[in-house]
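One structure below.
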Amino acid sequence: MVYPKIMDVIKYDVCTACGACVSACPAGAIIMGDKAAEIRDPDSLELYTNGAAPNVCEGCLTCSRICPVVDGYFEDEFANVRSFLAAKSNIAGQDGGVTSAIARSLLRQGEIDCVVGITRNEKWETELELFTSAEDVEKAKGTKYTYDSVLSVLRDPFSKYEKIAVIGVPCQAHGARLISENVNDKIVLIVGLLCMESFHQEVMTDEIIPEIMGVKAEDVVKMDFGKGKFWAYTKDGEEHNVPIAKVAPHARNPCHHCNDYTSVFADISVGSVGTPDGWNSVLIRTDAGEKYFKMVESELEFMEDPKPGMFLIEKLTKMKHDNNSAHYLEVCEKFSFDDGGFR
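The sequence shown runs 1 to 343 under UniProt numbering.
Structure representation (structure tokens):
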């Protein structure tokens, strides 16, 4: 078997689990494991049915061309930012509800056919769901801070739909961009989220919420990072917080090697940093970003020159790079290939 570069990525525990390789592999040879992608072993007798071994790697190396870790990072995350503003919608989302408003409006207008959303139950257990109706989008509102392999569920949509939107954290936006440039042009819009780190589901629900925050998951209505603290808001109106330093070590290991805070590969980046409470920061980066954002402007309220502004976004971006770049470069030295690194 030809040795795909993502085998090194998986071996050294820096697979982001974005799921790009799962959906793009033409042989269906990659599955999403518990915490990382997995290539099926062609020598495993379990794969053989009636003398045939379907769904095993054929050595095309598509997966290596669309892996964010293999592709590497940009040192300057702001070189492609065309405009910065604050916006909010009438959706009661995490802050301004802008990502949900974009998806809802474009589905309603028929400008996109589907978008992957992440829903949760009262225990903060999440599930990936494909939305094709504008009315369903609000079910995914709010940030969960746990990780789901958004791109891994696009295999069927690629065969059924022509205009797909992706909403995801930086590694997912990166993977979506690589898919659109190398494999499949049906992804017409990528909305990236600002992200410092995320957590495995069981870590959040079994450790962080009950043990570190001291509350029951079913009592929590919202979680947030802000002012150097991690916050949990409960049904009784109480606010619970701990220093970020208490929860950061529990982040997924790949997050400690990530050097993308603002989703530099997205068409539109959305976050809650750099704007007043209740507003989203919006960074328009591409022609597609300008095109689709203009289509939804009538459903949003805007604020020009919001405060504290780009200064805070740039500060947190530098913090993430300072914390993670050495870890990432150290792993790159172990790879059996010469890709990776910074551009």
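The beta carbon of each residue, even a glycine, is placed where N, CA and C say it ideally should be.
### Query
So which of 164, 240, 205 has the shortest CA-CA distance to residue 191?
Checking every option, the nearest Cα to that of residue 191 belongs to 164.
### For residue 285 and residue 339, the rounded distance between their alpha carbons
Their backbone Cα atoms lie some 25 Å apart in a straight line.
### Message
Assess contact between the region 54-69 and the region 18-37, defined as three or more Cβ pairs (one per stretch) separated by less than 8 Å. Is contact present?
### Response
The region 54-69, when compared against the region 18-37, does touch it at the 8 Å Cβ threshold.
### Message
I'd like the span of the alpha helix (DSSP H) that includes residue 292, first residue to last.
### Response
Counting along the chain, the alpha helix (DSSP H) containing residue 292 begins and ends at 287-296.
### Task
Could you name the residues of the same chain whose beta carbon sits closer than 7 Å to that of residue 9, not counting the 5 residues immediately before and after it, in chain order?
Hits under 7 Å: 15, 67, 69, 70.
### Message
Quick check for students: name the residue ranges of the beta strand (DSSP E) that lie wholly in the region 196-239, counting only runs of 3 or more.
### Response
Here the runs fully enclosed are 220-226, 229-234.
### From 267, 108, 126, residue whose alpha carbon lies closest to that of residue 205
Ranking 267, 108, 126 by Cα distance to residue 205 puts 126 first.
### For residue 73, three-class secondary structure by DSSP
In this structure, residue 73 counts as strand in the three-state DSSP scheme.
### Message
With a threshold of 8 Å, are at least 3 pairs of Cβ atoms found where one atom belongs to the region 112-124 and the other to the region 164-181?
### Response
Proximity of the region 112-124 to the region 164-181 meets the contact definition, three or more beta-carbon pairs being nearer than 8 Å.
### Task
Given a cut-off of 8 Å, decide if residue 95 and residue 269 are closer than it, judged by their beta-carbon atoms.
Not a contact, by the Cβ cut-off of 8 Å.
#### Entry: Spatial distance of residue 326 from residue 280 (CA atoms)
Going from the Cα of residue 326 to the Cα of residue 280 covers about 31 Å.
### Query
Cα separation between residue 38 and residue 305?
Whole-angstrom Cα-Cα distance: 45 Å.
### Task
Kindly confirm or deny that the region 126-146 and the region 197-204 touch, where touching means at least three C-beta pairs closer than 8 Å.
Contact between the region 126-146 and the region 197-204 is present, because at least three Cβ pairs lie under 8 Å.
#### Entry: Endpoints, alpha helix (DSSP H) assigned at residue 107
Per DSSP, residue 107 is one residue of the alpha helix (DSSP H) stretching across 98-109.
### Query
CB residue 214 to CB residue 240, shorter than 8 Å?
Cβ atoms of residue 214 and residue 240: closer than 8 Å.
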